[in-house]
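In the working numbering, the protein residues as written are 1 to 74. Cβ atoms here follow ideal geometry from the backbone N, Cα and C, with glycine treated the same way. Computed from a predicted structure; not experimentally measured.
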């Protein structure tokens with residue numbers, strides 16, 4: 001009789017539910033981090049900005065090639 005009162009869930013239901021719980025925890029953590037970040041006041045540093053913008057830009061293909069060299073595909 002108990003089995004008629006409890007709805008049967010599809011096989012993947014528990015996995016989906018756990019995934020949603022993990023997503024919720026991640027989103028909650030993001031919100032907390034965003035709130036904490038509002039307490040900081042970061043001023044740009046001219047020397048860093050000049051260095052950063054002077055860096056050579058890589059194309060998408062160059063970036064991918066370099067990435068594969070650093071971390072070869074398994």
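* Backbone secondary structure at residue 55 - three-state DSSP -> Taking the chain shown and counting its residues from 1, one reaches residue 55 at position 55. It is coil, neither helix nor strand.
* Asked: In whole angstroms, what separates the C-alpha of residue 19 from that of residue 13?
  -> Mapped onto the chain shown, residue 19 falls at position 19. Mapped onto the chain shown, residue 13 falls at position 13. Residue 19 and residue 13: Cα-Cα distance of roughly 10 Å.
* Can you tell me whether DSSP reads residue 74 as helix, strand or coil? -> Residue mapping note: residue 74 aligns to position 74 of the chain shown, counting from 1. The answer is coil: DSSP assigns residue 74 none of H, G, I, E or B.
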